[in-house]
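*Asks:* Here's a structure for you.
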Amino acid sequence: AQKITQTQPGMFVQEKEAVTLDCTYDTSDQSYGLFWYKQPSSGEMIFLIYQGSYDEQNATEGRYSLNFQKARKSANLVISASQLGDSAMYFCAMRNTGTASKLTFGTGTRLQVTL
Amino acid sequence: DAGVIQSPRHEVTEMGQEVTLRCKPISGHDYLFWYRQTMMRGLELLIYFNNNVPIDDSGMPEDRFSAKMPNASFSTLKIQPSEPRDSAVYFCASSSGRGAKNIQYFGAGTRLSVL
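Going down the list, the sequences are from chains Y and S. Note that the working numbering has the first sequence beginning at 1, numbered continuously upward. Note that the working numbering has the second sequence beginning at 1001, numbered continuously upward.
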């Protein structure tokens, strides 16, 4: 069975600083995808970034990058130049290619950006 | 392009009443998912459809829950009879299976309160 672990229930970061949100995963499959979603206080789930298990380079999307370390089974999200609007819950998720489209989510990390 | 549309955004009902949640997926997407989010259990996949056919309903809590997808642009999640423990945020998401990433895009959610 696949499992996602996010060990940081809450994080603080100062505006304009970078922050890393941790995510480790457990799977016996070789082919899988890793995702990060943002959930602001308004409640919607917003897709941020995707990393495929066979991608050789770390994914980047604007200020978001994914630090993918396959041997360590980690897929940490790095947010550069934090903004107040980045304050939200962040969820890491995984999909094994062999299980059609089912996503398994972690418990989330609440990020608070301060002045 | 419109995203996933859910209605209603908020629903307050009394125990024993029937509740119907609605979802319109992104046009062209062939997968549709229903999730439930609670503080205690996090994000749980209830059921998902591919090309309007239910593929995996193993996450549906019990027979009080049912989901249908009569066509490619509409799905419902029904709870009958509702109970206070059904109070949660219910998300609908859709994705296109044609891409390798198969990214799920979420609606804004329906916040259900059963009194």
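From the three backbone atoms N, C-alpha and C, an ideal C-beta is built for every residue, glycine too. As the structure is a computational prediction, the values presented were derived from the model and not from experiment.
Under the three-state reduction of DSSP, which class applies to G85 (chain Y): helix, strand or coil?
*Replies:* helix
*Asks:* For I1103 (chain S), I'd like the list of residues in its chain whose CB is within less than 7 Å of its CB, leaving aside the five on either flank, ordered along the chain.
*Replies:* S1095
*Asks:* Comparing the C-beta of S82 (chain Y) with each C-beta of chain S, is any distance below 9 Å?
*Replies:* no
*Asks:* Could you check the C-alpha separation between S1111 (chain S) and K1068 (chain S) for me, to the nearest Å?
*Replies:* Sequence check: residue 1111 (chain S) is Arg here, not Ser. Each residue's Cα considered, the two are about 20 Å apart.
*Asks:* Taking CB distances under 9 Å as the criterion, tell me whether N1051 (chain S) reaches chain Y.
*Replies:* no
*Asks:* Closer than 7 Å by C-beta to P40 (chain Y): which residues in its own chain qualify, once you throw out the five before and the five after it? Chain order, please.
*Replies:* A88
*Asks:* Show which residues of chain S have a CB atom less than 8 Å away from the CB atom of F91 (chain Y).
*Replies:* L1043
*Asks:* Give me the residue from S:N1071, S:L1046 and S:G1097 with the minimum Cα distance to R1036 (chain S).
*Replies:* S:L1046
*Asks:* Within the 9 Å Cβ cut-off, does I1103 (chain S) reach chain Y?
*Replies:* Closer than 9 Å to the CB of I1103 (chain S) there is at least one CB belonging to chain Y.
*Asks:* Residues in the stretch 36-64 of chain Y with C-beta within 9 Å of chain S's C-beta atoms, listed in sequence order?
*Replies:* Y37, Q39, S42, G43, E44, M45, I46, F47, Y50 and G52
*Asks:* Consider the Cβ of G1107 (chain S): report whether some Cβ of chain Y lies at a distance smaller than 9 Å.
*Replies:* yes
*Asks:* Identify the residues that DSSP records as bridge partners of H1010 (chain S): which are they?
*Replies:* S:R1111
*Asks:* By the 8 Å beta-carbon criterion, what residues does the stretch 1051-1068 of chain S contribute toward chain Y?
*Replies:* I1055 and D1056
*Asks:* Using a Cβ cut-off of 7 Å, pull out every chain Y residue sitting near V1012 (chain S), in sequence order please.
*Replies:* Those do not exist, as V1012 (chain S) stays about 16 Å from chain Y at its closest Cβ, beyond 7 Å.
*Asks:* If S82 (chain Y) and C23 (chain Y) are in contact, beta carbons under 8 Å, what's the gap, nearest whole angstrom?
*Replies:* The C-beta distance from S82 (chain Y) to C23 (chain Y) rounds to 18 Å, too long to fall under 8 Å, and the pair is not in contact.
*Asks:* When the Cα atoms are used, what is the spatial distance from Y32 (chain Y) to P1070 (chain S)?
*Replies:* 31 Å
*Asks:* Alpha carbon to alpha carbon, how far is L1043 (chain S) from S1082 (chain S)? Give it in angstroms, no decimals.
*Replies:* Spanning the alpha carbons of S1082 (chain S) and L1043 (chain S) requires a straight line of approximately 20 Å.
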